[in-house]
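For the sequence shown, position 23 (counting from the first letter as 1) is numbered 35 according to the numbering used here, and the numbering increases by one without interruption.
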Amino acid sequence: MRNRHEEAFLEMLAAERGASPATLKAYAADLADFAAFLGKDWDATAERIGAYMADLAGRGLSARTAARRLSCLRQFHRFLVREAVSETDPTARIEAPRARRTLPRVLSEAEVSLLLQAAGPEGGPGGVLAAARQPVARAALELLYATGLRISELLSLKRAAFAGDAAVLLVRGKGGRERLVPLSEPARDAVLALLARDRAERDGRGAGPFLFPGRDRRAPLTRQGFDKILADVARCAGLDPVLLHPHMLRHSFASHMLAHGADLRSLQRLLGHADIATTQIYTHVLAERLQKLVEQHHPLAVAAVGDFASGGTVLKPGNDASIP
Numbered sequence: 013m014r015n016r017h018e019e020a021f022l023e024m025l026a027a028e029r030g031a032s033p034a035t036l037k038a039y040a041a042d043l044a045d046f047a048a049f050l051g052k053d054w055d056a057t058a059e060r061i062g063a064y065m066a067d068l069a070g071r072g073l074s075a076r077t078a079a080r081r082l083s084c085l086r087q088f089h090r091f092l093v094r095e096a097v098s099e100t101d102p103t104a105r106i107e108a109p110r111a112r113r114t115l116p117r118v119l120s121e122a123e124v125s126l127l128l129q130a131a132g133p134e135g136g137p138g139g140v141l142a143a144a145r146q147p148v149a150r151a152a153l154e155l156l157y158a159t160g161l162r163i164s165e166l167l168s169l170k171r172a173a174f175a176g177d178a179a180v181l182l183v184r185g186k187g188g189r190e191r192l193v194p195l196s197e198p199a200r201d202a203v204l205a206l207l208a209r210d211r212a213e214r215d216g217r218g219a220g221p222f223l224f225p226g227r228d229r230r231a232p233l234t235r236q237g238f239d240k241i242l243a244d245v246a247r248c249a250g251l252d253p254v255l256l257h258p259h260m261l262r263h264s265f266a267s268h269m270l271a272h273g274a275d276l277r278s279l280q281r282l283l284g285h286a287d288i289a290t291t292q293i294y295t296h297v298l299a300e301r302l303q304k305l306v307e308q309h310h311p312l313a314v315a316a317v318g319d320f321a322s323g324g325t326v327l328k329p330g331n332d333a334s335i336p
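Written out as structure tokens, the structure reads:
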């Protein structure tokens, strides 16, 4: 059972930071796990928090999960200090476990093309999507790949956002932060086709506010409902649905943008990242692009890139080619 300080902390997250119900549920679970570790003696000293972190590692939790739980505790105790409930923050000197940085999995441009084709009436190598799902699937995939939206942002889009000849979308992202995202012509055409289909089939019934409604048209399509549509499109495209998830399209959008010349700051704004450090997970794409530039334009490209790739040195002191 949560105490009043925990309740006040969760209320603050919702009111001041616009935390989603899923985020609040995760924070509440993290606080409950820590409370269970402490037992009846709610004395959260630095030593006991350190012991809790060691306990998480002993339970086999990943460094990423442990770091997230420490982040929750850190925010909670800073809140207590801010509210004058506590004088010190016991998490201040606790270091978060370092998670091994993994590169995001992305689709190739050819695989994205297969998905978009499979979402259309012509289908893909694995078959044709059910006619009722085609406009929904095509509009959703075009939007995800053209804008880099999070799946939560996509499913919360309102029909009114596409009134008139909208060239940009106003998106409300994490923490209630708003951003403008350009809308590509194929994505806009796919959305207009979906809206036209809905008008033709509605026959006077209420449309509801959401672009992608669920069974109850007053509520958006659920994440689970969208996952089923995406799995069907993947099968029609000849791709493994188990390996495909909505965030891969966001990662693919970011990686392909960088590969075609976008800069990190612009990409940060498009993705809605509060910190550019989050966007920097895609810098491996920049490194690949720079290597290609050297290969294409440097007069000594073949020797330089080949030697660099093998770990050697192109110019060595004492060689005729060395620079004094």
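Note that the Cβ used here is the ideal one computed from N, Cα and C, for glycine as well.
Rounded separation between GLY220 and ARG209 - CA only: Taking the first residue of the sequence shown as position 1, residue 220 is located at position 208. Taking the first residue of the sequence shown as position 1, residue 209 is located at position 197. If you take the alpha carbons of GLY220 and ARG209, they lie about 14 Å apart.
Check whether the stretch 54-62 touches the stretch 177-193, counting contact only when three or more Cβ pairs, one atom from each stretch, lie closer than 8 Å. Under the Cβ criterion (8 Å, minimum of three pairs), the stretch 54-62 does not count as touching the stretch 177-193.
Taking the beta carbon of ASP244 as the centre, do at least 16 other beta carbons fall within 10 Å, making it buried, or is it exposed? Counted from its first residue, the sequence shown places residue 244 at position 232. Buried, since its Cβ has 16 or more Cβ neighbours within 10 Å.
Count the other CB atoms, across all protein chains shown, that sit within 10 Å of the CB of ASP101; report buried if there are 16 or more and exposed otherwise. Residue numbering aside, residue 101 sits at position 89 when the sequence shown is read from its first letter. Counting Cβ neighbours within 10 Å, ASP101 comes out buried, since at least 16 surround it.
Name the two residues that bound the continuous beta strand (DSSP E) containing ARG184. Here residue 184 corresponds to residue number 172 of the sequence shown, with the count starting at 1. Run containing ARG184: 180-184, per the beta strand (DSSP E) assignment.
Count Cβ pairs between the stretch 274-285 and the stretch 130-137 that sit closer than 8 Å; are there 3 or more? The stretch 274-285, when compared against the stretch 130-137, does not touch it at the 8 Å Cβ threshold.
DSSP three-state label for SER222, please. Position 210 of the sequence shown, counting from 1, holds the residue named residue 222. The question names Ser, but residue 222 is Phe in the sequence shown. For PHE222, the three-state secondary structure derived from DSSP is strand.
Check whether the stretch 118-126 and the stretch 223-234 are in contact - that is, three or more C-beta pairs closer than 8 Å. no
Close Cβ partners of PRO109 (< 6 Å) along its chain, the five nearest in sequence each way excluded: Taking the first residue of the sequence shown as position 1, residue 109 is located at position 97. Within the same chain, PRO109 has close Cβ partners ALA75, ALA78, ALA79.
Sorted by chain position, which residues of the same chain lie with C-beta nearer than 6 Å to PRO147's C-beta, five sequence neighbours on each side aside? Translated into the one-based positions of the sequence shown, residue 147 becomes position 135. ALA205, LEU206, ARG209, listed in sequence order.
Using alpha carbons as the reference points, say which of HIS310, ALA286, GLY250 lies closest to PRO137. Within the sequence shown, the letter at position 125 stands for residue 137. Answer by Cα proximity: GLY250.
Residues of its chain near VAL183, where Cβ-Cβ distance is below 6 Å and the 5 sequence neighbours each way are ignored: Taking the first residue of the sequence shown as position 1, residue 183 is located at position 171. For VAL183, where only same-chain residues beyond five positions count, the Cβ hits under 6 Å are GLU165, ARG191, VAL193.
Where THR290 and SER267 are concerned, what is the direct C-alpha to C-alpha distance, given to the nearest angstrom? The residue you call residue 290 lines up with position 278 of the sequence shown. The residue you call residue 267 lines up with position 255 of the sequence shown. If I take the Cα positions, the gap works out to 13 Å.
Less than 8 Å between the beta carbons of LEU195 and ALA212, yes or no? Position 183 of the sequence shown holds residue 195. Position 200 of the sequence shown holds residue 212. At the C-beta level, LEU195 and ALA212 stay beyond 8 Å of one another.
Sheet register partners of PRO194 (DSSP bridge): Residue mapping note: residue 194 aligns to position 182 of the sequence shown, counting from 1. Under the DSSP definition of a beta bridge, PRO194 partners with VAL180.
What residue from MET24, ALA38, GLU18, ASP275 has the CA that sits closest to THR295's CA? Taking the first residue of the sequence shown as 1, we reach residue 295 at position 283. Considering only alpha carbons, the answer is ASP275.
Taking the Cβ atom as the reference point for each residue, do ARG162 and PHE222 lie within a distance shorter than 8 Å? Looking up residue 162 in the sequence shown gives position 150. Looking up residue 222 in the sequence shown gives position 210. No; because the gap between Cβ atoms is not below 8 Å, this pair is not in contact.
May I have the straight-line CA-CA distance separating ALA84 from ALA40, to the nearest angstrom? By one-based count along the sequence shown, residue 84 stands at place 72. By one-based count along the sequence shown, residue 40 stands at place 28. The residue you asked about is not Ala; residue 84 is Cys in the sequence shown. Roughly 9 Å between the two C-alpha positions.
Going by other Cβ atoms of all chains shown within 10 Å of its Cβ, with 16 needed for buried, is ARG29 buried or exposed? If you number the sequence shown from 1, residue 29 lands on position 17. Per the 10 Å Cβ criterion, exposed.
For a quick check, are the C-beta atoms of LEU68 and ARG81 less than 8 Å apart? Locating residue 68 in the sequence shown gives position 56, where the first residue counts as 1. Locating residue 81 in the sequence shown gives position 69, where the first residue counts as 1. Cβ atoms of LEU68 and ARG81: closer than 8 Å.
Any chance you could list the alpha helix (DSSP H) runs of at least 4 consecutive residues sitting entirely within the stretch 227-302, in chain order? 235-249, 258-271, 276-283, 288-291
With C-beta atoms as the reference, is GLY187 less than 8 Å away from ALA271? Counted from its first residue, the sequence shown places residue 187 at position 175. Counted from its first residue, the sequence shown places residue 271 at position 259. Against a cut-off of 8 Å, the Cβ pair of ALA271 and GLY187 comes out as no contact.
Measure the alpha-carbon distance for GLY273 versus ARG16 and round it to whole angstroms. Stepping through the sequence shown from its first residue, residue 273 is reached at position 261. Stepping through the sequence shown from its first residue, residue 16 is reached at position 4. One C-alpha to the other measures close to 51 Å.
So what does GLY136 bridge to, in DSSP terms? Mapped onto the sequence shown, residue 136 falls at position 124. Beta-bridge pairing links GLY136 to GLY139.
7 Å CB neighbourhood of PHE91 in its chain, flanking five on each side removed: For the purposes of this step, residue 91 is taken as residue 79 along the sequence shown, with counting starting at 1. Cβ within range, chain order: PHE21, MET24.
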